[in-house]
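Asker:
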Amino acid sequence: SQQGEEDPQALSIQEGENATMNCSYKTSINNLQWYRQNSGRGLVHLILIRSNEREKHSGRLRVTLDTSKKSSSLLITASRAADTASYFCATHFVTDSWGKLQFGAGTQVVVTP
Amino acid sequence: DVKVTQSSRYLVKRTGEKVFLECVQDMDHENMFWYRQDPGLGLRLIYFSYDVKMKEKGDIPEGYSVSREKKERFSLILESASTNQTSMYLCASRSSGETQYFGPGTRLLVL
Numbered sequence: 002s003q004q005g006e007e008d009p010q011a012l013s014i015q016e017g018e019n020a021t022m023n024c025s026y027k028t029s030i031n032n033l034q035w036y037r038q039n040s041g042r043g044l045v046h047l048i049l050i051r052s053n054e055r056e057k058h059s060g061r062l063r064v065t066l067d068t069s070k071k072s073s074s075l076l077i078t079a080s081r082a083a084d085t086a087s088y089f090c091a092t093h094f095v096t097d098s099w100g101k102l103q104f105g106a107g108t109q110v111v112v113t114p
Numbered sequence: 650d651v652k653v654t655q656s657s658r659y660l661v662k663r664t665g666e667k668v669f670l671e672c673v674q675d676m677d678h679e680n681m682f683w684y685r686q687d688p689g690l691g692l693r694l695i696y697f698s699y700d701v702k703m704k705e706k707g708d709i710p711e712g713y714s715v716s717r718e719k720k721e722r723f724s725l726i727l728e729s730a731s732t733n734q735t736s737m738y739l740c741a742s743r744s745s746g747e748t749q750y751f752g753p754g755t756r757l758l759v760l
């Protein structure tokens, strides 16, 4: 499967702490995206990083990409209870011309006050 | 804001029934997608459409069909629902950019 794999599967932290989750994939990509899903809802796009980029920031989010290791990480700094959600990485492979994404199984993050 | 709506949040059907899941987007997006989401498996692509009346199979099309008669509407059809199709179904749309915009999902229970 070309699907990305996320690590850890679950993460429990306290408010104010940082949360880091990782994503690995198997084949060359055009870009890698991170999405958030609140319980029982649809996914919301957070950030996109292209294959020629190494790091990207958006507010309290920091994403890194290492194409040599075929891996990415998402860091949420100074977490809040509202960050409690599942986080998914999604990859757009170079072999695809339709914009299809391959999603990982997700990391479930719980932030306790 | 892009809005993707799905016809039902929750649906309960009996085995063998024909089930229609509707998805509508209001941003004139070319591409639309249907996924199913199961615990531990993430999202898996069932079908996608890149234009009106055009469709392509995704990774798990068996037991499903789709219809796209109008640009804004993409329907997923379960011809004869089975218990292993109990799942969360997510619709998404995409324009020329890479981001996909998701609907709120339909949780389907097949008894």
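Top line first, the protein sequences correspond to chains A and B.
Going by our numbering, the first residue of the first sequence is number 2, and it counts up by one from there.
Going by our numbering, the first residue of the second sequence is number 650, and it counts up by one from there.
Yeah, the Cβ is synthetic: ideal placement off N, Cα and C, and Gly gets one too.
All values derive from a computational prediction rather than experimental measurement.
1) Pairing CB atoms from the segment 17-25 of chain A with CB atoms from the segment 47-55 of chain A, are three or more of them under 8 Å?
2) If you reduce the DSSP assignment to three classes, tell me which class B/Asp677 lands in.
3) Any idea if A/Gly107 is buried or exposed, counting beta-carbon neighbours within 10 angstroms, 16 or more meaning buried?
4) For A/Gln10, does the three-state DSSP call read helix, strand or coil?
5) Closer than 8 Å by beta-carbon distance: list the chain A residues that pair up with B/Arg743, in chain order.
6) Exposed or buried, which one is B/Met681 when buried takes at least 16 other CB atoms within 10 Å?
7) Just how far apart, CA to CA, sit A/Leu66 and A/Ser74?
8) Can you give the Cα-Cα distance for B/Val759 and A/Asn53, rounded to whole angstroms?
9) I believe B/Ser698 touches B/Phe723 by the beta-carbon criterion, under 8 Å. Please report the beta-carbon distance rounded to the nearest angstrom.
10) For A/Gln34, which residues from the same chain have a beta carbon less than 6 Å from its beta carbon, with the 5 sequence-adjacent residues on both sides left out?
11) Which runs of the beta strand (DSSP E) spanning at least 3 residues fall entirely within the segment 31-108 of chain A, listed in chain order?
12) Whose C-alpha, out of A/Pro114, A/Phe104, A/Val112, A/Thr113, is nearest the C-alpha of B/Gly689?
13) Which chain B residues sit within Cβ distance under 9 Å of A/Arg42?
Answerer: Put simply:
1) In this structure the segment 17-25 of chain A does not lie against the segment 47-55 of chain A, because fewer than three pairs of beta carbons, one per stretch, are closer than 8 Å.
2) Here B/Asp677 sits in coil by DSSP.
3) The residue is buried, with at least 16 neighbouring Cβ atoms inside 10 Å.
4) If DSSP states are grouped into helix, strand and coil, A/Gln10 belongs with coil.
5) Taking a Cβ-Cβ cut-off of 8 Å, the neighbours of B/Arg743 in chain A comprise Gly100, given in sequence order.
6) So B/Met681 counts as buried.
7) Looking at the two C-alpha atoms, the distance is approximately 7 Å.
8) Straight-line Cα distance between these residues: approximately 45 Å.
9) With a Cβ gap of about 6 Å, B/Ser698 and B/Phe723 count as contacting.
10) Same-chain partners within the cutoff: Leu49, Ala91.
11) 44-51, 56-59, 62-67, 72-77, 86-94, all fully within the segment 31-108 of chain A.
12) Residue A/Phe104 is the option with its Cα nearest to B/Gly689.
13) Correct list: Phe751, Pro753, Gly754.
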